[in-house]
Amino acid sequence: MSRFFVKTIPADLQNGRIIITGEDVKHIAGVLRARTGDPLVLCDAAGTDYDAVIEQISKENVITRIIDRKENHTEPPVDITLFQGIPKADKMDLIIQKCVELGVNRFVPVTTARSVVRFRDARDAAVKAVRWGRIALEAAKQCGRGRIPVVEEPVGVDAALKLAHGYDLMLLPYEEETEGSLRSVLHSFGRSIAGNGAVGDNAAMRRIAIFIGPEGGFERTETEKAVRSGFRSVKLGPRILRTETAGIAVSSIVMYELGDMGG
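Using the working numbering, the first residue of the sequence shown is number 630, and each one after it goes up by one.
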């Protein structure tokens, strides 16, 4: 069933009607070719889904009537932010799309010393962030998320480290790391929060930051600065992953160990 996010939900749900406007109208009428009486799922982006039926379609809006409400159970029990070194071409599109599907809640694009992509000015960076935000929105619709993940405007390394301050666990996959593995760090963290029950039950408010470098990885000075800021340098295994693979892989592993993947 087609799914859309809406900003305003009427208080009277029995007779409540929601008017959909904007780009979603074109999608409903032109792409889906929906008709009066067709069902839709509307989400308030705060964790509640509403079953609705279409009452009227015009060029300006789609009027729907709510027939039921239910809690959305697709949001993970851990809050992951992906700090992603900005990669070349359209790789960021793939990273955002797949990580939204995995349950990542926030994306911070980061310009590092080895980043090839450079923005002309703040407006150029903001335009790119808006585009990435639309990709996150569409991915959230497709996979049934109860919230819309946030895509921040691009920042530098120092600003990224400030944004990551205060997270419960900060992970920095680094190809030159020889000791701490991602597995051991996650197992240790899981044990530390499992004192009163299962990890998943006690990880609801746990915030996890993942910092991935661009093509070519981090410079050593950047890694050292991140570690001083609280990031844990971890190795992922014997093979070096591309930047567009690393964020997806680490997010998957974290969700499996501490979240709701796999069961």
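Heads up, the beta-carbon is just placed ideally off N, CA and C, and yes, glycines get one too.
Note that the coordinates shown come from a computational prediction; the quantities given were computed from them, not determined experimentally.
Nearest-angstrom Cα separation, counted from residue j out to residue i
i    : j    : result
I839 : P778 : 15 Å
P802 : T693 : 47 Å
L731 : S813 : 21 Å
I724 : E781 : 14 Å
E886 : R735 : 19 Å
R774 : I709 : 14 Å
V635 : L865 : 39 Å
R861 : M890 : 23 Å
V737 : F712 : 5 Å
Residue i in three-state terms, based on DSSP
i    : result
T874 : helix
M890 : coil
K655 : helix
A832 : Here A832 scores only 42 on pLDDT, less than 50, and its place in the model should not be relied on; the value that follows carries that caveat. In the structure shown, A832 sits in coil (DSSP, three-state: anything other than H, G, I, E or B).
S880 : helix
L798 : strand
I777 : coil
A827 : Any answer about A827 is weak, because its pLDDT of 48 lies below 50 and its placement is not dependable; what the coordinates show is given next. The answer is coil: DSSP assigns A827 none of H, G, I, E or B.
E700 : strand
Bounding residues of the alpha helix (DSSP H) (the contiguous stretch that carries residue i)
i    : result
I725 : K720 to L731
F818 : L811 to S821
Whole-Å CB distance - residue i paired with residue j, under 8 Å assumed
i    : j    : result
E689 : T650 : 7 Å
V729 : A769 : 6 Å
G809 : V756 : Actually they do not touch by this definition, with Cβ atoms about 39 Å apart.
Extent of the continuous beta strand (DSSP E) run through residue i
i    : result
E684 : T677 to I686
Next item on the list: For the stretch 746-765 and the stretch 791-811, state whether three or more C-beta atom pairs, one from each stretch, are separated by less than 8 Å.
Entry: Touching, no.
Can we say the stretch 656-663 touches the stretch 671-680, given the rule of at least three CB pairs closer than 8 Å? Short answer: they don't touch.
| query | Pairing CB atoms from the stretch 871-879 with CB atoms from the stretch 706-722, are three or more of them under 8 Å? | reply | Output reads yes: the stretch 706-722 touches the stretch 871-879.
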